[in-house]
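Quick note on numbering: full-length UniProt numbering labels position 80 of the sequence shown as 80, and the sequence is numbered without any gaps.
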Amino acid sequence: MRRKTMAAPPRQIPVFRFAPSPNGRLHLGHALSALTNAKMAAETGGRLLLRIEDIDLTRCTPELEQAVLDDLDWLGIPYERPVRRQSEHFPLYRQALDTLIARDLVYPAFLTRGEVKARVAAFEENGRVWPRDPDGAPLYPTEERNLSPEERAGKLASTERHALRLDMEKALAAVGHPLSWQETGDGKRGEISADPAAWGDVVLWRSDAPGSYHLAVTVDDAAQGITHVVRGLDLFHATSVHRLLQDLLGLPQPIYHHHRLVLGSDGRKLSKSAGDTALASLRADGKIPSDIRAMVGI
């Protein structure tokens with residue numbers, strides 16, 4: 001009698017994404033990220049999606065978005081159409097935010113950057129050290145977590161400008177277990193322990209923007225079915241916050257690959273203000289796509 005064999009489960013097709021912000025011209029660092037995503041997608045038989053992270057409506061412009069598309073087409077990056085734009089999905093981010101608000105994990109924060117800077121300076125005058133996040137920015141003071149409903153209502157009535165921040169202490173208590181992620185990149189590899197608390201009470205919404213980077217990219221990655229997040233090592237530690245939000249919102253966890261950075265002559269990572277490394281400038285100087293690949297080591 002012939003035994004029945006169990007059919008193998010269908011193979012999940014890997015899904016990658018390149019997600020630039022159109023607030024400046026793409027440079028060699030972006031080229032490395034786009035080319036790495038394209039290379040890994042091709043090697044795994046996966047898909048490559050393009051997401052335009054234009055949540056900052058002040059700095060992001062249609063002209064700069066078109067420049068991004070032109071640079072990627074010139075490089076020969078084979079991304080799928082249509083392109084996803086964050087500016088077209090603000091209600092989705094608000095829905096996720098409302099979920100966290102309903103769980104009492106979010107609070108309104110009223111201190112300006114200048115007020116926080118002054119408080120930190122006064123605290124450190126006598127040699128004390130204010131806690132800072134992995135990027136070196138001072139953590140936001142936490143006393144507004146505990147304002148009474150009356151105090152919050154009064155502040156909201158007296159000012160329109162405020163942010164909504166994640167109460168990190170409550171959020172970690174709501175998760176109730178250690179967080180980690182799978183890393184395959186150019187630094188540490190394997191299972192990486194996440195430390196969201198190192199970032200303090202991160203911003204989830206601002207009065208001048210309908211969301212934050214952390215919230216939007218976490219929601220977008222889930223909405224697009226991203227299985228592999230490939231990005232620069234400068235975002236390695238930010239993954240801790242994304243893992244926390246994924247757990248709180250019941251979203252799937254991708255595999256992460258943080259690649260090396262392209263550094264300038266000063267040893268720092270490139271920025272969009274460094275016009276001499278902009279792909280458009282290099283193209284105008286006669287460089288061709290194979291030159292760019294060689295310059296970034298691909």
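Cβ atoms here follow ideal geometry from the backbone N, Cα and C, with glycine treated the same way.
Original post:
Under the DSSP definition of a beta bridge, which residues are partnered with residue 258?
Top reply: As a working note, residue 258 is residue 258 in the sequence shown. Bridge partners of residue 258: 231.
Original post:
Hey, residue 262 and residue 32: beta-carbon distance below 8 Å or not?
Top reply: One-based indexing of the sequence shown puts residue 262 at position 262. One-based indexing of the sequence shown puts residue 32 at position 32. Cβ distance < 8 Å, so residue 262 and residue 32 count as in contact.
Original post:
Helix or strand or just coil, what does DSSP make of residue 269?
Top reply: Here residue 269 refers to the residue found at position 269 when the sequence shown is read from its first residue. DSSP places residue 269 in strand when its eight states are reduced to three.
Subject >> Sequence ranges, beta strand (DSSP E) only - wholly within the region 155 to 217, length at least 3 >> reply: 163 to 166, 180 to 183, 190 to 193 and 203 to 206
Original post:
For residue 96 versus residue 51, is the C-beta spacing smaller than 8 Å?
Top reply: Within the sequence shown, numbered from 1, the residue matching residue 96 stands at position 96. Within the sequence shown, numbered from 1, the residue matching residue 51 stands at position 51. No, they are not a contact pair.
Subject >> Cβ contact check for the region 200 to 220 and the region 111 to 119: 3 or more pairs under 8 Å >> reply: no
Original post:
Using the beta-carbon count (16 or more within 10 Å), is residue 236 buried or exposed?
Top reply: The residue given as residue 236 occupies position 236 in the sequence shown. Residue 236 is buried by the Cβ-count criterion.
Original post:
What is the rounded straight-line gap between the Cα of residue 1 and the Cα of residue 11?
Top reply: The residue labelled residue 1 in the question sits at position 1 within the sequence shown. The residue labelled residue 11 in the question sits at position 11 within the sequence shown. Bear in mind that a pLDDT of 49 at residue 1, under 50, signals an unreliable position, so the number given afterwards is only what the model happens to contain. Straight-line Cα distance between these residues: approximately 30 Å.
Original post:
Does the ligand NAP have a heavy atom nearer than 7 Å to the CB of residue 143?
Top reply: This structure does not include the ligand NAP; it has no bound ligands of any sort.
**OP:** Can you have a look at residue 126 and say buried or exposed, based on whether 16 or more other CB atoms are within 10 angstroms of its CB?
**Re:** Translated into positions along the sequence shown, residue 126 becomes position 126. Counting Cβ neighbours within 10 Å, residue 126 comes out exposed, since fewer than 16 surround it.
Original post:
In terms of alpha-carbon separation, which member of 28, 143, 123 and 121 lies closest to residue 200?
Top reply: Residue mapping note: residue 200 aligns to position 200 of the sequence shown, counting from 1. Measuring C-alpha to C-alpha distances from residue 200 to each of 28, 143, 123 and 121 identifies 143 as the nearest.
Original post:
Just the Cα atoms here: how many angstroms apart are residue 171 and residue 194?
Top reply: For this step, residue 171 is matched to residue 171 along the sequence shown. For this step, residue 194 is matched to residue 194 along the sequence shown. In a straight line, the C-alpha of residue 171 is about 14 Å away from that of residue 194.
Subject >> the region 160 to 180 touching the region 222 to 238, judged by at least three CB pairs closer than 8 Å >> reply: no
Subject >> Pick from 192, 288 and 234 that is closest to residue 29, judged by C-alpha positions >> reply: Here residue 29 corresponds to residue number 29 of the sequence shown, with the count starting at 1. Ranking the options by Cα distance to residue 29, first place goes to 234.
Original post:
Out of curiosity, what's the CA-to-CA distance linking residue 156 and residue 121?
Top reply: The sequence position of residue 156 within the sequence shown is 156, counting from 1. The sequence position of residue 121 within the sequence shown is 121, counting from 1. Rounded to the nearest angstrom, the two C-alpha atoms are 27 Å apart.
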